[in-house]
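So the sequences go chain by chain: A and B.
First residue of the first sequence? That's 1 in the numbering used here, and the numbers climb one at a time after it.
First residue of the second sequence? That's 295 in the numbering used here, and the numbers climb one at a time after it.
The C-beta atom is built at its ideal place from N, Cα and C for all residues, glycine as well.
Read the structure below first, then the notes.
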Amino acid sequence: MLKELFTKTKTKPKKYATIPSKAAKQDVPEGIMTKCPNCKKILYTKELNKNYKVCTQCEYHFQMNSAERINSFLDFESFRELDREMVSGNPLDFPGYEEKLEQDRKKTGLNEAVVTGIGTVKGYEAAIAIMDAHFRMGSMGSVVGEKITRAIEKADELSIPFIIFTASGGARMQEGVLSLMQMAKTSVALKRFSDHGGLIISVMTHPTTGGVSASFASLGDYNFAEPGALIGFAGRRIIEQTIREELPEDFQTAEFLLKQGQLDAVISRVDMKEKIAAILDIHQPGGTFEWQEN
Amino acid sequence: MAGELEFEKPVVELRKKISELKEYMKNTDVDLTSEIDKLEARLQKLETEIYGNMKPWERVQIARHPNRPTTLEYISLLFTDFFECHGDRTFGDDEAIVGGIAKFHGYPITVIGHQRGKDTKENIRRNFGMPHPEGYRKALRLMKQAEKFRRPIISFIDTKGAYPGKAAEERGQSEAIARNLFEMAGLRVPVICVVIGEGGSGGALALGVGNYIHMLENSTYSVISPEGAAALLWKDSSLAKKAAETMKITAPDLKGLGIIDEIIPEVKGGAHKDLQQQAKYIDKILIDSMSKLQVLDEETLLNQRYEKYKRIGEFSFPTERIGVK
Ligand SMILES: [Zn+2]
Chain A
1 MLKELFTKTK TKPKKYATIP SKAAKQDVPE GIMTKCPNCK KILYTKELNK
51 NYKVCTQCEY HFQMNSAERI NSFLDFESFR ELDREMVSGN PLDFPGYEEK
101 LEQDRKKTGL NEAVVTGIGT VKGYEAAIAI MDAHFRMGSM GSVVGEKITR
151 AIEKADELSI PFIIFTASGG ARMQEGVLSL MQMAKTSVAL KRFSDHGGLI
201 ISVMTHPTTG GVSASFASLG DYNFAEPGAL IGFAGRRIIE QTIREELPED
251 FQTAEFLLKQ GQLDAVISRV DMKEKIAAIL DIHQPGGTFE WQEN
Chain B
295 MAGELEFEKP VVELRKKISE LKEYMKNTDV DLTSEIDKLE ARLQKLETEI
345 YGNMKPWERV QIARHPNRPT TLEYISLLFT DFFECHGDRT FGDDEAIVGG
395 IAKFHGYPIT VIGHQRGKDT KENIRRNFGM PHPEGYRKAL RLMKQAEKFR
445 RPIISFIDTK GAYPGKAAEE RGQSEAIARN LFEMAGLRVP VICVVIGEGG
495 SGGALALGVG NYIHMLENST YSVISPEGAA ALLWKDSSLA KKAAETMKIT
545 APDLKGLGII DEIIPEVKGG AHKDLQQQAK YIDKILIDSM SKLQVLDEET
595 LLNQRYEKYK RIGEFSFPTE RIGVK
């Protein structure tokens, strides 16, 4: 049924309209065939898309953009976007920053590196934030911090869960220390929401590093990751330079974090909706207790 | 005096000349009083010119000065009855962060802070003030303890950043930092943060969520070091001086961006020139902050902290952008 929805969205006018991005095209060329960068198998693009952009042979997870995530994870046409028009200023008067933002707006059809809103997952309503690494590498500036904070506040106001899909290279350098402070801002909002009993689910996708990894991405009541996702605080090269030793191949992968006790589970994208919906179900405010025969 | 910086050379030379003249006068009958007076007036003017108008890169050098006072030095001057507590109760004791209980003008408080070494040997022991996850977890344990016993928390920030190492990643550096941001937001006691040296990125912020954030005049607070920024932005780490300006990392910059509350004045030429006097400047601000926060009830205290961070950032909703493709 899910697969049906996925293809249906292609022909029907979408409530959430997006322009196919150049970066997305690079990930999956608009050709008939796509080569898996991991196992080198040549895949039918159509089939790959039907399979949530997961390689049917080796389960390699191709990067998704925010629109694809919304279409694959949320119930059809359930998404109502928040703060779509919010744009960044240039607080440090950083040379060339505005041009870079404008370029990425054109390239992705997005105003910023996160899309937030309300939607349903198998009928369960939640506030959702989906980061998009195609916009400024998903880096966190004032707008990313503010939009995520507002989505958390919305979840608090409506007493619904907050779900975030992270994908970020870390801080937005051009916003300097303001970027750093977004880590605090979002964490402070999550704490208040959490104290009110709010459910927080974090799904780390490739890549989730730096300040994003060291704030909301790690603050879920449940922390999940997609297979193979790169997740870590410091960059691999910086660590190798610091300790002067080569790091193991799987260092800072989702599987590595799971082994280190940093994640609740690694979840394949194919099962994502099903599994998150099950968690949402368990957290529904209960009625009176009634024994069920299994 | 050792450790003079390049930009303060004119002051140093003039001071040297004055003391030479004084010495000469002592040993001879020649009266040089008026000459000396003139030079001293010039020295004062020069000091104001040089120290009163410091460029970002000069502040960076002062913030990194090897003699710059550290957390433990301030603790010994500002507080009495300091009792250091060790360990995170889970993995170990990270000496890049110190913490414990003490009295501030007779009032019980908890104090935590990054701790650099004063020499190579101590720096190795303290990992140059760059914490591992267990350091942040020790700090959190002590902050929770403070909350239990209703003690205000004072935190000193002074680190190049969280340690970028293999073990740090394995033990969850990201989670440790994130957890502190999250938990500090909810502490039901006053939290006052003071940046005393370098405030390096997430590793600094992890002790930095409070009701007030103050910065010493020549301290810095940044998302990345000037060298790192230069390498990343212009592929040339020698442009660090330029990056220090572009990235807006000084106390006046952060005050301008609406992030910090007060700039704590420093003695001329930097805190390391007169530790006693510097401690007095910090003492004054801490008394002021404490008296403002002590009268607030828990809810107001938490709301004040919430609003403080909620305000930070710059964005807009230009309606003309709607529909722009
Ligand atoms: Zn494959």
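No heavy atom of ligand 1 is found nearer than 7 angstroms to the CB of Lys53(A). The Cβ atoms of His283(A) and Pro95(A) do not sit closer than 8 angstroms to each other.
At a cut-off of 8 angstroms, the C-beta of Pro207(A) has no neighbouring C-beta in chain B. Taking the CA atoms as reference points, Thr34(A) sits about 19 angstroms from Ser72(A). Phe251(A) sits in coil when the DSSP states are folded into three classes, being neither helix nor strand. Residues of the stretch 509 to 527 of chain B that bring their beta carbon within less than 8 angstroms of a beta carbon in chain A comprise Tyr515, Ser516, Val517, Ile518, Ala523, Leu526, Leu527, in sequence order. DSSP lists Ile391(B) as the beta-bridge partner residues of His408(B). Here Glu300(B) is not near Leu315(B), since their CB atoms are 8 angstroms or more apart. Take Asn49(A), set aside five residues on each side of it, and no residue of its chain has a beta-carbon closer than 6 angstroms to its own. Its chain contains Val561 as the residues whose beta carbon lies nearer than 6 angstroms to that of Lys567(B), once the 5 sequence neighbours on both sides are disregarded; these appear in chain order. Our two residues, Phe76(A) and Glu112(A), have alpha carbons roughly 23 angstroms apart in a direct line. With its beta carbon at least 8 angstroms from every one in chain B, Thr166(A) lies outside the interface. As the crow flies, the alpha-carbon of Met131(A) is around 14 angstroms from that of Ser215(A). Val324(B) carries a coil assignment under DSSP once its states are collapsed to helix, strand and coil. Taking 8 angstroms as the CB threshold, Gly386(B) stays off the interface with chain A.
For Arg445(B), no Cβ of chain A is located within less than 8 angstroms of the residue's own Cβ. For Ile403(B) against Ile369(B), the beta-carbon gap comes to about 10 angstroms, at or over 8 angstroms, which does not count as contact.
With a cut-off of 7 angstroms, the C-beta of Cys379(B) is classified as distant from ligand 1, since no heavy atom of the ligand falls inside that distance. Taking 8 angstroms as the upper bound on Cβ-Cβ separation, chain B lies near residues Leu247, Phe251, Gln252, Gln260, Gly261, Gln262 of the stretch 247 to 277 of chain A. Residues of the stretch 177 to 188 of chain A that bring their beta carbon within less than 7 angstroms of a beta carbon in chain B comprise Val177, Leu178, Ser179, Leu180, Met181, Gln182, Met183, Ala184, Lys185, Ser187, Val188, in sequence order. Contact between Leu366(B) and Phe398(B) does not hold, since the beta-carbon distance rounds to 16 angstroms and is not under 8 angstroms. The distance from the Cβ of Ala500(B) to that of Ala456(B) is about 7 angstroms, consistent with a contact at the 8 angstroms cut-off. Within chain B, the residues Pro458, Gly459 have their CB atoms less than 7 angstroms from the CB of Thr242(A), given in chain order. Residue range 467 to 479 is occupied by the alpha helix (DSSP H) that includes Phe476(B).
The beta carbons of Glu608(B) and Leu178(A) sit closer together than 8 angstroms. Taking the beta carbon of Gly89(A) as reference, the chain B residues within 8 angstroms of it are Glu608, Phe609, Ser610, listed in sequence order.
CA-CA distance, Gly232(A) to Gln241(A), rounds to 16 angstroms. Between the alpha carbons of Gly480(B) and Lys310(B) lies a gap of roughly 53 angstroms. Looking at the DSSP output, Met509(B) bridges to Val489(B), Ile557(B). Beta-bridge partners of Lys41(A) (DSSP): none assigned. Within the DSSP bridge table, the entry for Pro612(B) names no partner.
Relative to ligand 1, the beta carbon of Lys147(A) is positioned no closer than 7 angstroms to any heavy atom.
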